[in-house]
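What follows is a set of notes on a single structure, which appears directly below.
In this note's numbering, the protein residues as written are 128 to 334.
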């Protein structure tokens, strides 16, 4: 399919060169050249079957010296919703984690727009055993901000989504939930880790 046909098929769920360049321009980065856009690696059947549930996203990892990693997104969009939105939720535990420096491969990605209902409150290991493929944290961050800039709408507004990344303790990363439905926490794209039980967790008694 041509870019025009893909855009027509996916509608506002299409994040191609024009939409990605709009985000890059806002971030003060060089645009993706049309000549550098790779072919779509999905069959026409796969694209049609997923057009209503997924976004089709052109991945771009930046250039030498200006990698488009999560740290760069955080530096640009900030962590204070009182200053500007969209932004990240204000936390810093992850700043030295390896997954923060990962960038996207220059290819097209299909990523689901909404959480699979049957996956709610399920342990990530059980979902992986069911052959669900988790997206990377950088793909989620990249898609979240690109989609907002292109459409003015939020993805995963009240939901967390599991990611393929692990932190240095092998705890699973999960992201999203821009808005706290209870109104306790400020707005912001969240990055968390699912803590596994280890010997350092234990009980004391109180009398």
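Even glycine gets a Cβ: it sits at the ideal position worked out from N, Cα and C. All figures in this text were calculated on a predicted structure; none of them were measured in a lab.
Local conformation of residue i per DSSP, three classes
i: residue 149; result: helix
i: residue 236; result: strand
i: residue 256; result: helix
i: residue 320; result: strand
i: residue 301; result: strand
i: residue 189; result: strand
i: residue 166; result: coil
i: residue 268; result: helix
For residue i, the first and last residue of its enclosing beta strand (DSSP E)
i: residue 287; result: 287 to 293
Identity of the residue in the options nearest residue i by Cα
i: residue 206; options: 316, 331, 272; result: 316
i: residue 231; options: 208, 188, 210, 213; result: 188
i: residue 186; options: 259, 244, 266, 140; result: 266
Backbone CA spacing between residue i and residue j [nearest angstrom]
i: residue 320; j: residue 196; result: 18 Å
i: residue 254; j: residue 284; result: 21 Å
i: residue 270; j: residue 184; result: 7 Å
i: residue 224; j: residue 294; result: 6 Å
i: residue 308; j: residue 243; result: 19 Å
i: residue 261; j: residue 290; result: 5 Å
i: residue 332; j: residue 182; result: 51 Å
Host alpha helix (DSSP H) of residue i (start-end)
i: residue 282; result: Careful: residue 282 lies outside any alpha helix (DSSP H) and carries neither H nor E.
Expected contact under 8 Å - CB spacing of residue i and residue j to nearest Å
i: residue 142; j: residue 264; result: Actually they do not touch by this definition, with Cβ atoms about 17 Å apart.
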